[in-house]
Structures are given as C-alpha cells and as structure tokens.
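Residue numbers (the working numbering): 15 to 247. From the three backbone atoms N, C-alpha and C, an ideal C-beta is built for every residue, glycine too. The block underneath contains the structure these notes are about, expressed in structure tokens.
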C-alpha cells in the first residue's frame with residue numbers, strides 16, 4: 015500500500031532522516047517507535063509532504079506521491095492526526111469535523127458526520143462548543159474524527175496518547191484498533207512503546223534518523239535491546 019524508499023530529510027545542516035525505508039501493507043497497524051528526536055514525526059510529515067524530502071521516493075498504491083501537495087495527498091486517501099491534536103480552537107466541534115471533509119465533493123458528508131458522532135458520543139454532546147473548551151482526551155477524539163472525515167485509506171497517527179491520563183490512553187488505543195478493524199490502515203507514531211507494540215502488527219525502531227530494527231511487533235516487544243531502550247526494563 016505504501017512504500018517509503020530511502021527518504022532523507024534535512025533541517026538546515028541537521029540530517030533528520032537518512033535513507034529511511036519501510037513499507038505498509040493494506041490492513042496493517044504499523045508502529046514507529048524511538049526516542050524523542052529520532053525522526054518519527056518527520057517521517058509522517060514527509061509522507062504528507064508538509065516537510066519535503068531531499069532524496070528518496072514515497073509510493074502510495076503504485077503512484078509516486080513524493081512531490082504532491084498535501085491537499086492532493088489527502089484526496090488520494092492519506093490523512094494525518096498531528097502531534098498535539100491541533101484542533102481549530104475557535105471553531106466548534108462540528109466545524110472542526112466539517113473541515114476534515116474540505117477535499118470532498120460527494121453528498122455523504124452529513125452521514126459521515128453522524129457516524130463520527132456515533133463513534134464519539136462525547137463529541138456529539140459538545141458539537142456546538144469551541145474546540146479549545148474540550149479536554150485533552152476530547153480534543154484527541156476530535157482530531158481523529160476530523161481526519162476520518164476525509165475517508166482515509168491510510169491514517170497517520172502522531173503521538174495519540176500524549177498528555178492523556180492512563181484510562182484515556184487505553185480508550186484511545188481501543189478506538190485505534192476499532193478504526194483498523196473497520197478497514198483503515200494505520201501508521202502509528204507513539205512514545206508509549208508498550209502500548210504501540212501491543213496493538214501493532216509490525217514495527218520499526220528509529221534512532222537518529224535511521225531504521226535500526228524492524229519486524230513483528232510481538233517479537234520486537236520481547237527483544238532484550240528494545241525492552242531495555244524503549245520499554246523501561
């Protein structure tokens with residue numbers, strides 16, 4: 015479904031990514047784990063072409079999307095939930111969700127809105143409230159709902175558990191699994207490596223902009239090196 019081939023990204027003189035390659039098969043949850051600054055968020059932003067690469071290619075469903083503008087990438091079926099949620103603070107919950115469908119021209123946006131409200135009843139209760147008045151967990155639900163309104167085939171999730179209480183973290187990860195079971199492929203960036211590996215099918219480990227390990231998520235979770243470096247053991 016997605017092939018990232020030897021992607022390199024620089025921030026000035028800093029090499030953020032160095033010849034990173036990985037692939038995602040339709041229907042998977044693939045996790046990217048690593049320390050802060052390893053390049054995880056940069057990978058998602060490069061797939062969305064928010065951050066341009068200096069080398070390499072990104073192939074999505076057989077099409078080279080490396081240089082496509084971000085809105086065209088969304089139209090093709092890739093949507094991103096950014097780190098820190100980044101909901102539109104002054105817009106209502108409803109308006110935030112409608113913004114998620116801005117690339118669509120079909121007549122099913124209304125029915126998809128109701129599906130989001132069914133999936134996230136708390137958002138339905140707060141549909142007229144400004145985004146800034148929601149709790150952290152509610153904002154995360156809103157950010158996910160907004161991304162789903164574009165009807166993505168591939169959902170890029172950046173640190174969905176950040177700043178949330180443990181009970182809410184479990185709820186968000188249950189939602190991620192539910193979204194995947196409904197047919198959406200997921201690329202998950204997550205600092206909580208234990209949680210990420212518990213729901214992912216496969217995973218890649220990044221260090222200073224390079225993939226250093228990859229494989230079945232369960233095998234990586236039992237790898238002594240991974241457990242020592244990322245799982246707090």
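In the structure shown, residue 72 adopts extended strand secondary structure according to DSSP, grouped into three states. Here residue 75 has 15 as same chain residues with Cβ atoms under 7 Å from its own Cβ, once five neighbours each way along the sequence are excluded. With 16 or more neighbouring CB atoms inside 10 Å of its own CB, residue 172 falls in the buried class.
Taking 8 Å as the cut-off, the Cβ atoms of residue 145 and residue 153 count as close. Note on residue 28: under 16 other CB atoms within 10 angstroms of its CB, so exposed under the neighbour-count rule.
If you look at residue 18, you'll find it in the beta strand (DSSP E) that goes 16–25. The Cβ atoms of residue 199 and residue 73 lie no closer than 8 Å to each other. A straight-line Cα-Cα distance of about 24 Å links residue 136 and residue 209.
Its chain contains 93, 94, 95, 114, 169 as the residues whose beta carbon lies nearer than 7 Å to that of residue 161, once the 5 sequence neighbours on both sides are disregarded; these appear in chain order. By the Cβ neighbour-count rule, residue 163 is buried, with 16 or more other Cβ atoms within 10 Å of its own. Per DSSP, the beta-bridge partners of residue 199 are 168. DSSP, read as helix, strand or coil, puts residue 102 in coil. Across the structure, residue 17 and residue 234 are spaced so that their CA atoms are roughly 21 Å apart. Collapsing the DSSP output to three states places residue 32 in a strand. Beta bridge pairing from DSSP links residue 228 with 218.
Under DSSP, residue 48 forms a beta bridge with 220.
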